[in-house]
Structure formats: structure tokens, C-alpha cells
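The structure appears below as C-alpha cells.
In the working numbering, the protein residues as written are 8 to 172.
Printed below as a string of C-alpha cells:
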């Protein structure tokens, strides 16, 4: 179920993100730059797959320098207490492994760690258009399909979106 295409490894050919992306993470919003419009891929395997399967020339990366926080809730005899604490390297390793496990399952190369990943958008599209095209492409697959079975349809849908622009 490997990626048998002749497309170069998009993780290796990703360009640097043009400039400095915003520190805040507003999932699926558009980031305007002088060099085009981008959206930031989440840390999920699904978004990593979408980023990888689109035209490799549209993928960009930026070294991750933000300090992520996790919310912790503790219950004791006095009630519940919630606080925020820095994400540990062990936490990050679990997140990275989950995404890379998904990528391996669909037959794609693992995503290098330590980066924020971005996808350049055609001028007239937003992330909702990508989501809609991808879901339309896989809607007829059986409910219990293996994720790798969706890769050809997703790749074709993304190629069509980017080819039209």
C-alpha cells in the first residue's frame, strides 16, 4: 500500500515558509503573505496526508519555536483544579508518532518533526474548499475502508483543485 507515485518526497522538497507565520494557531484559517495564501496543517495525520498529497511545490515549513501548553485537570477532595503547563518533549513525541503512524498506514513517508507545516492555497480557494473536495472524493468508499484506500481519490481531488488554478 505504499506511495508508488513518481512525485518527489514533499517533506524533503518543502520550501521555507515565506516570512514568520502568526504564533497563534487558528485551525483552518488562511494566512496571507506577499508570496501567496497558506493554511497551517494541524499536527494530525489527516492534515499531514492532505499536505503531502497536494502538489509538493505547495508545501512549506517553518521551524517550531512556540511553547505549547496543555491543560491539566486534577480532581481531589477539594474539587477539580485546572491549570496549564508546558507541553513536554514526551507529549510532543506522542503527537508526532500518532501523525506518523497514520502516514505509514496510508503508505506515505513520515513527516519530519520540529516544524510547522503549511500548504499554499490557490488564490480563489480556502480550506473549506479543500475539505469539501476531499470528502466528496471519498464519499463512496465503504464505511470500513482502510485509510490507504482513500489515497488515490484524495490525490486526484487535490490535483484537480490545484490544476484548475
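Quick reminder that beta carbons are idealized off the backbone N, C-alpha and C, glycines included. Because the structure is a prediction, the values reported are computed rather than measured.
Item	Value
According to DSSP, what are the bridge partners of residue 37?	46
For residue 60, which of helix, strand or coil comes out of DSSP?	helix
Measure the CB-CB distance between residue 155 and residue 121 and report whether it falls below 7 Å.	no
Contact between the segment 72-91 and the segment 129-145: three or more CB pairs below 8 Å?	no
What residue range does the alpha helix (DSSP H) around residue 113 cover?	Premise fails: residue 113 is in no alpha helix (DSSP H) and is neither H nor E.
If the criterion is Cβ atoms closer than 7 Å, does the pair residue 24 and residue 125 meet it?	yes
Our contact map puts residue 71 next to residue 123 with C-beta atoms below 8 Å; I'd like the distance itself, whole angstroms only.	5 Å
Which residue comes first and which comes last in the alpha helix (DSSP H) that contains residue 17?	17-20
Residue range of the alpha helix (DSSP H) that residue 163 falls in?	158-170
The alpha helix (DSSP H) spanning residue 83 covers which residue range?	That residue, residue 83, is in no alpha helix (DSSP H); its beta strand (DSSP E) goes 76-83.
Nearest-angstrom Cα distance between residue 148 and residue 129?	27 Å
With which residues is residue 26 paired in a DSSP beta bridge?	For residue 26, which the question treats as bridged, DSSP gives no partner whatsoever.
Quick one, which of 101, 62, 54 and 43 has its alpha-carbon nearest residue 167's?	62
Within 10 angstroms of its Cβ, does residue 26 collect 16 or more other Cβ (buried), or is it exposed?	exposed
What residues are listed by DSSP as bridge partners for residue 88?	81
Identify which residue in 49, 162 and 64 has its Cα closest to the Cα of residue 141.	162
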